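One structure below.
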Amino acid sequence: GRRGRPAARHRAMIQLNAHHVWYLIMAAQWTVLLSLIAFVGGALVGLPIALMRVSPRHALRIIAGGYIQLIQGTPLLILLFLTYFGLGILGYKLAPLVAAGLALTLYAAAFLGEIWRGCIEAVPRTQWEASDCLGLDRSQQYAHVILPQAFRIAIPPTVGFMVQIVKNTSLASVVGFVELARAGRDRVAADTAGVSAAVPLLVVMQDHEGSQAQDLDLDAHLVPDHRVPAHLGPLLRAERGRLVKYPLRDT
Numbered sequence: 010g011r012r013g014r015p016a017a018r019h020r021a022m023i024q025l026n027a028h029h030v031w032y033l034i035m036a037a038q039w040t041v042l043l044s045l046i047a048f049v050g051g052a053l054v055g056l057p058i059a060l061m062r063v064s065p066r067h068a069l070r071i072i073a074g075g076y077i078q079l080i081q082g083t084p085l086l087i088l089l090f091l092t093y094f095g096l097g098i099l100g101y102k103l104a105p106l107v108a109a110g111l112a113l114t115l116y117a118a119a120f121l122g123e124i125w126r127g128c129i130e131a132v133p134r135t136q137w138e139a140s141d142c143l144g145l146d147r148s149q150q151y152a153h154v155i156l157p158q159a160f161r162i163a164i165p166p167t168v169g170f171m172v173q174i175v176k177n178t179s180l181a182s183v184v185g186f187v188e189l190a191r192a193g194r195d196r197v198a199a200d201t202a203g204v205s206a207a208v209p210l211l212v213v214m215q216d217h218e219g220s221q222a223q224d225l226d227l228d229a230h231l232v233p234d235h236r237v238p239a240h241l242g243p244l245l246r247a248e249r250g251r252l253v254k255y256p257l258r259d260t
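In short: position in the sequence shown from 1, add 9, done, that's my numbering.
Written as structure tokens, this is what we have:
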């Protein structure tokens, strides 16, 4: 049998210009905003969850543990779908930023609550006993003795989880929120489509008895000039006069 293999391939390089950089900078602002919403909201909900996890009341520990198990066992993508499409079905139509912020807040609260629970329990038991000897009640123990020490322990894991939140903001694109990763994909897709439209389709066919060239009509396979992005105009005009050959070789 005979199979055609391209002797050369046309590769178009997308040029990065000031417009692209500005477009990505604007999208990065939304990424930072969504990350801050997720972290601040997660911290406000996660701290009570952590305190409930170490509470002497069994009911509070069960409620907090159930919430953590439920959220950590649910993929973030599902949470995004539920907050945007699920609430929309129930009649509560949320903006993409609000829906993504709510989903990431619930997600961050579960993980931060468990992280901070471990940090509270990492404080030596003698600190609890010493504060008991001073006659401090439970709230005073947390405010003056336990939480300041737990805060120092919590810095490394909390910073690490903040990095994970920033990376997870890329999933917000499924609800129509345009952040940095989505903006980059859209920009590359738009430029790639323009470059592909400027490449002519000329094929040279060969058989074992001789070579016979069949030139295809360029204008029939090219997008008109007015539909090609302005920065691709020179490439389009240059490619109209170029012949890209794909000879067939015996195998």
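The beta-carbon is built from N, C-alpha and C at its ideal position, and this holds for glycine as well.
Quick caveat, the model's predicted, so the values are computed rather than measured.
Quiz item: Cβ of Ile-174 within 8 Å of any heavy atom in the ligand SAH?
Solution: The ligand content of the structure shown is nil, which means the ligand SAH is not present either.
Quiz item: Of the choices Val-49, Val-63, Pro-57, whose alpha-carbon is the least far from that of Ile-129?
Solution: Val-63
Practice problem: Could you confirm whether any beta carbon from chain B is found closer than 9 Å to the beta carbon of Leu-115? | Solution: This model lacks chain B altogether, as it is built from one protein chain only.
Self-check item: Cβ neighbour criterion (16 or more within 10 Å) applied to Pro-105
Solution: buried
Practice problem: Run through the segment 51 to 86 for me and flag every whole alpha helix (DSSP H) of 4 or more residues, listed as ranges in chain order. | Solution: 67 to 81
Self-check item: Separation of Arg-66 from Ile-87, as counted between CA atoms
Solution: 32 Å
Quiz item: How long is the line joining the alpha carbons of Ala-109 and Gln-81, rounded to whole angstroms?
Solution: 17 Å
Quiz item: Relative to the alpha-carbon of Leu-111, which residue among Ala-52, Ile-71, Ile-72, Ile-155 has its alpha-carbon at the smallest distance?
Solution: Ala-52
Exercise. Can you tell me which of the three DSSP states Tyr-101 falls into?
Key: coil
Quiz item: What are the boundary residues of the alpha helix (DSSP H) that includes Phe-170?
Solution: 156 to 177
Quiz prompt | Three CB pairs or more closer than 8 Å across the segment 88 to 98 and the segment 169 to 188 | solution = yes
Exercise. Return yes when the Cβ of Phe-120 is within less than 9 Å of the Cβ of Gly-55, no when it is not.
Key: yes
Quiz item: Closest by CA to Pro-165, which one among Thr-114, Gly-50, Ile-124?
Solution: Ile-124
Practice problem: Can you have a look at Ala-118 and say buried or exposed, based on whether 16 or more other CB atoms are within 10 angstroms of its CB? | Solution: buried
Exercise. Measure the C-alpha to C-alpha separation of Tyr-101 and Ala-163 and round it to an integer number of angstroms.
Key: 36 Å
Quiz item: Can you round the beta-carbon distance between Val-154 and Gln-136 to whole angstroms, since I take them to be within the 8 Å contact cut?
Solution: 6 Å
Exercise. Compute the distance between the beta-carbons of Gln-158 and Val-132, then report whether it is under 9 Å.
Key: yes
Quiz item: Alpha carbon to alpha carbon, what distance is there between Val-184 and Leu-99?
Solution: 16 Å
Quiz item: Is DSSP giving Val-183 helix, strand or coil here?
Solution: helix
Practice problem: Measuring alpha carbon to alpha carbon, tell me which of Leu-103, Val-175, Ile-71 ends up nearest Gln-116. | Solution: Note that residue 116 is Tyr in the sequence shown, not Gln. Closest option to Tyr-116, Cα to Cα, is Val-175.
Quiz item: Under the three-state reduction of DSSP, which class applies to Leu-143: helix, strand or coil?
Solution: coil
Quiz item: If Met-171 sits next to Phe-48, beta carbons under 8 Å apart, how far is it from one beta carbon to the other, in whole angstroms?
Solution: 6 Å
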